[in-house]
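Heads up: the structure comes next, in structure tokens.
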Amino acid sequence: MNLIKFVFVLVSSVLVSSTFVEGGYYYKTELLSTCKVELPVSVPTDWITMVHSCSNLMMQQVQKEINASLTYLAMGAHFSRDCVNRPGFAKYFFDSASEERQHAIKFISYLTMRGNLTDYHKHVLALIPGSIMTGVPQMTWDSSAHAIQDALKLETLVTESIRQIVIECEQGKNHPMDTETVNDYHLSDWLTGEFLDEQYKGQRKLAGMLSTLRKMENSHGKLGEFLMDKTFL
7 MNLIKFVFVL VSSVLVSSTF VEGGYYYKTE LLSTCKVELP VSVPTDWITM
57 VHSCSNLMMQ QVQKEINASL TYLAMGAHFS RDCVNRPGFA KYFFDSASEE
107 RQHAIKFISY LTMRGNLTDY HKHVLALIPG SIMTGVPQMT WDSSAHAIQD
157 ALKLETLVTE SIRQIVIECE QGKNHPMDTE TVNDYHLSDW LTGEFLDEQY
207 KGQRKLAGML STLRKMENSH GKLGEFLMDK TFL
């Protein structure tokens, strides 16, 4: 009797397992059939309202942010050299490089959200090689003060570039393909809140750093640069 029960349980288990596997197989097949990559479908574009002149400036800004990131990477690498050995400044500039890279990602994400890269995703790939080909103006700096001064100039240029985008997007019409004037309130507000506030604070920080460093160097020479470097660690 016990043997019969054992055989019954064993056969039942096999049947259940087979049903599960078979069901799982069919479920998997059905799932895969719904995950196939289809050709792009026709979607209305009325929701894409950013004018061409504005979107072009936004895409150019992606390049500028990437170029700024590359410049800060060069600065970080310079101060990491054994013959320079300023780990504090190296850390500061490497962190700045990461920050600028994140800015580029934010611009790309915003353009995608607004639909300006939905059908032209290749534009994103075209931005990155263009930035690298542009290159970094220099790879070495005479001193930490020189590097900070260049960083301040760079941030000033980036800030002005963003301000020009805001101005252009408030006017809205400056391109042959633009048929109407659109005041892009959302983009202007996004640029002002997400970037300009940070840019102005960053400029002030760099100006203060440069002022402090020069005072320390006037009083203590190279020791002043050495001591300030330690404050970034």
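In terms of the numbering used here, the sequence shown is residues 7 to 239. Yeah, the Cβ is synthetic: ideal placement off N, Cα and C, and Gly gets one too. The structure displayed is predicted, hence computed values, not measured ones.
Around the C-beta of V164, are 16 or more other C-beta atoms found within 10 angstroms, so that it is buried, or is it exposed? That one is buried.
Simplified DSSP state of S149, which is helix, strand or coil: S149: coil per DSSP, three-state reduction.
Name the residue from N73, N91, T118, Y116 whose alpha carbon lies nearest to the alpha carbon of S102. Of N73, N91, T118, Y116, the residue nearest in Cα terms is N73.
Between D195, G230, M119, which lies nearest to I173 when the distance is taken from Cα to Cα? Minimum Cα distance to I173 is reached at D195.
So, using beta-carbon positions, are S150 and F100 closer together than 9 Å? Going by C-beta atoms, S150 is not nearer than 9 Å to F100.
Run the CB neighbour count on D148, radius 10 Å, all protein chains shown included, and call it buried at 16 or more, exposed below. Label assigned to D148: exposed.
If you run the structure through DSSP and keep just helix, strand and coil, what is I54? Coil at I54, not helix or strand.
Grouping DSSP H, G and I as helix and E and B as strand, with all else coil, what is V90? For V90, the three-state secondary structure derived from DSSP is coil.
For A96 versus A80, is the C-beta distance shorter than 9 Å? A distance of 9 Å or more separates the beta carbons of A96 and A80.
Is DSSP giving V49 helix, strand or coil here? Coil at V49, not helix or strand.
Classify T49 as buried or exposed, calling it buried when 16 or more other Cβ atoms lie within 10 Å of its own Cβ. Strictly speaking, residue 49 in this sequence is Val, with Thr absent from that position. Exposed, by the Cβ-count rule.
Would you verify that the beta carbon of F85 is, or is not, closer than 9 Å to some beta carbon of chain C? Annotation note: the requested chain C is absent from the structure, which comprises a single protein chain.
Could you check where the alpha helix (DSSP H) with E223 kicks off and where it finishes? E223 -> alpha helix (DSSP H) spans 203-226.
Alpha-carbon spacing of M234 relative to Y98, whole angstroms: Between M234 and Y98, the C-alpha separation is close to 12 Å.
Where L229 falls, given that 16 or more other Cβ within 10 Å makes a residue buried: With a threshold of 16 other beta carbon atoms within 10 Å, L229 falls short and is exposed.
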